[in-house]
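Per my numbering, the first sequence starts with residue 243, numbered consecutively.
Even glycine gets a Cβ: it sits at the ideal position worked out from N, Cα and C.
Scroll down for the structure; my scribbles are underneath it.
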Amino acid sequence: MTTRTRFAPSPTGHVHVGNARTALFCALLAARDDGRFILRIEDTDAARSDRAFEDALREDLAWLGLSWQEGPDVGGAKGPYRQSERGELYSEYLDRLAGKGLVYPCFCTAKELEIARKTQLAAGQPPRYAGTCAKLNTSEIEARLAKGLKPALRFRVPEGGETVFEDLVRGRQVFAHRDIGDFIIRRADGSPAFFFSNAVDDALMGVTHVLRGEDHLANTPRQLLLLQSLGLPAPRYAHLSLIVGQGGAPLSKREGGGSLNELRAEGILPEALLNYLARLGHTYASNALEGFSTLAKGFDVGHLGHSPAHFDHQQLEHWQGEAVRHAGPERLWCWMEAANPGIADLVPAAERGAFVDAVRGNLSRPSEGTDWARIVYDESLAVSAEAQAALGAVTSKLFEAALTTLKAGAPEFKPFSKAVGATAGLAGKDLFKPLRAALTGRLDGPEMERLWRLMPPDRLERRLQQALYETKKT
RNA sequence: GCUCCCUUCGUCUAGAGGCCUAGGACGGAGCCCUCUCAAGGCUUAAACACCGGUUCGAAUCCGGUAGGGAGCGCCA
């Protein structure tokens, strides 16, 4: 049996790193087994679902580097892949359940239920459905229907017994039925509820492995009960620990673990996030930046951690650095240009590759690329305070020598600096620090040799001239 | 409240009774390399939540305690 996994988001907001990781693990598992990864949109809540979020969600997932073999956009044999388009299927299976007497209408209002829950909680009771409508007889039901009341449908959970299943990450799970209240499978407005549609779709779509958040662990017996009653096959379940922020609290946006589009806007490269997320709560033998297919080869449900994983920005930064160093020049250029289109006017098309390769070692965010583009290609130069100080610490002799050397011909930086050092009687830091300060306006940065090659002789000369002027001034 | 899950360096984790003097990675510290900043190389500090039990032997098995989390929704 080929492995079939699915990611089943609700289009009610942007994809968060937690969901993205779940999607990634599902995709990784399917890819490892040469199986199929399915995207299913759970848009049964018409009020909160938004097609714009669905589009954004697909874009975010694709940006991360995930692709799905079946889904609302690519189709597939088990469609439709939007729950809002699967109404007929749900009625059919609802009827089957009703035919077995496992379903009953519930006329309780939201307010009544809420009061009941609060009362139970106050009395130290589990806030479970009390079963008010479970015992209604036919005439009572008809009387209510005649009044125009619209009931929700509840599943009748067996009184005794237990549901047992083997969780792929947590092992054997046992849940007593008496701890589970009768739950809603169809809302009063006729739409299917999560427990029902989600379980039925997994079965109908032939999903073999459900990887989902740990928050669903205690819900699993409900779905198993449904599937069992319907005679549908149950998938294997693997419940992933959640991602938490500082102190173990649920992830908050302040901590940088926001939505994918925020991370992207921040300049995080998808390869960086991909590698970080793949290792968050999962072990890989390799510590090198890998592509999706290599990550897939090493993916193992048995290597998933059991405890909540902290989203650590420092570790993401490490992968970001790796990603920047490994990205191809064109890709890196696009990354910078997307963040600041103006950079295209600064850097000549023919020099973009050389420019990117020269500065990539000093980048973590695209804006830093813009900074370097200005330093190299913009006529005006912003000089940092430290660079200014470095210039003030040398005599004009250095820049006089530099200008003479430059005018004698514009060689590579190495022979140039060697000649300048010789005539000015300087070497090492005393020589390079002021030269760097004069030419770039800062004390840190890529090798001077590479920057030098990108700057035309007249610009080099003007900068040295300016530095000479500064030293004479002080 | 009830049910369930979780607990190894600061962080992600390796670890399925002796291979553990607990390994790796990120981050930290130091050294080397080097014109700077990075990168790279080397070195180093840093953890089995606690208490009992089983065993010749426990991070690993069992019980309890503590602390975190989830579920108990006409949200998914």
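What number of angstroms, rounded off, separates the C-alpha of residue i from the C-alpha of residue j?
i	j	result
PHE279	THR462	21 Å
ALA265	LEU363	35 Å
LEU588	CYS268	43 Å
LYS639	ASP554	50 Å
PRO253	ASN379	39 Å
ALA250	VAL442	13 Å
LEU558	ALA514	7 Å
GLU312	LEU511	26 Å
VAL618	PRO698	9 Å
LEU446	LYS320	7 Å
VAL399	LEU336	15 Å
ASP285	ARG248	15 Å
ASP613	VAL316	41 Å
GLU564	GLY540	19 Å
LEU387	ASP431	14 Å
GLU295	ALA569	Before going further, note that residue 295 is Phe rather than Glu in the sequence given. Their backbone Cα atoms lie some 29 Å apart in a straight line.
GLY260	GLY544	19 Å
ASP542	ARG704	59 Å
GLY663	ARG678	13 Å
ALA460	LEU693	59 Å
GLY341	TRP577	58 Å
LEU546	VAL406	22 Å
GLU327	LEU339	21 Å
GLY299	SER609	First, the residue type needs correcting, since residue 299 is Leu and not Gly in the sequence shown. Between LEU299 and SER609, the C-alpha separation is close to 26 Å.
Residue i: which of the options sits nearest, CA to CA?
i	options	result
LEU702	LYS660, LEU363 and LEU648	LEU648
ASP297	VAL411, ALA289 and PRO314	PRO314
LEU472	ALA435, ALA551, ALA600 and TYR332	TYR332
GLY487	VAL543, ALA460, SER326 and LEU522	LEU522
TYR479	GLY500, ASP444 and ARG506	ASP444
ASP275	PHE295, ARG263, THR245 and ALA288	THR245
ALA491	HIS451, ALA635, ALA650 and PRO550	PRO550
GLY448	ALA476, SER439 and PHE438	ALA476
GLY533	GLN708, ALA273, GLU504 and ARG338	ALA273
LYS660	LEU685, ASP686, MET690 and ALA635	MET690
ALA635	PRO676, GLY603, GLY670 and THR361	PRO676
ARG344	ALA288, LEU673, ALA372 and PHE425	Residue identity check: residue 344 is Leu in the sequence provided, not Arg. Nearest C-alpha to LEU344: PHE425.
LEU505	ASN440, ASP287 and ALA581	ALA581
CYS350	GLY329, ALA372 and GLY366	ALA372
Would you say residue i and residue j are within 8 Å of each other, going by their C-beta atoms?
i	j	result
PHE397	LEU474	no
GLU456	LEU484	yes
GLU404	ALA418	yes
ARG454	LEU482	yes
ARG429	GLY402	no
ILE283	TYR346	no
GLY584	ALA624	no
THR713	THR637	yes
GLY307	LEU516	yes
ALA629	ALA643	no
TRP575	VAL598	yes
TRP561	LEU531	yes
LEU681	PHE641	no
ARG263	LEU519	yes
ARG607	GLY509	yes
LEU281	TRP310	yes
ALA586	GLU593	no
ASP292	VAL257	no
MET243	THR450	yes
HIS548	VAL411	yes
GLY423	ARG370	yes
GLY603	ARG567	yes
Considering just the uninterrupted stretch of the beta strand (DSSP E) at residue i, what are its terminal residues?
i	result
GLN748	Given a span of 243 to 716 for the chain in the structure shown, any question on residue 748 remains unanswerable.
ALA592	Here ALA592 belongs to no beta strand (DSSP E), and DSSP marks it neither H nor E.
ILE280	278 to 281
THR254	Per DSSP, THR254 belongs to no beta strand (DSSP E) and is neither H nor E.
ALA650	Taken as a continuous stretch (DSSP letters only), ALA650 belongs to no beta strand (DSSP E), as it is neither H nor E.
ALA394	394 to 397
ARG246	246 to 249
Please report the residue range of the alpha helix (DSSP H) in which residue i lies.
i	result
PHE349	First-last for PHE349: undefined, no H or E at that position.
ILE617	608 to 619
ASP302	293 to 306
LEU409	One point to set straight first is that residue 409 is Asp, not Leu, in the sequence displayed. It is not in any alpha helix (DSSP H) - ASP409 instead sits in the beta strand (DSSP E) that spans 404 to 409.
ALA388	380 to 388
LEU270	259 to 274
* **Length-filtered (4 minimum) alpha helix (DSSP H) runs lying within the region 525 to 586** => 534 to 539, 555 to 568 and 571 to 581
* Asked: Which residue spans inside the region 680 to 710 form an unbroken alpha helix (DSSP H) run of at least 4?
  -> 690 to 696
* 3 or more residues per run - each beta strand (DSSP E) lying fully within the region 418 to 480 -> 425 to 428 and 451 to 455
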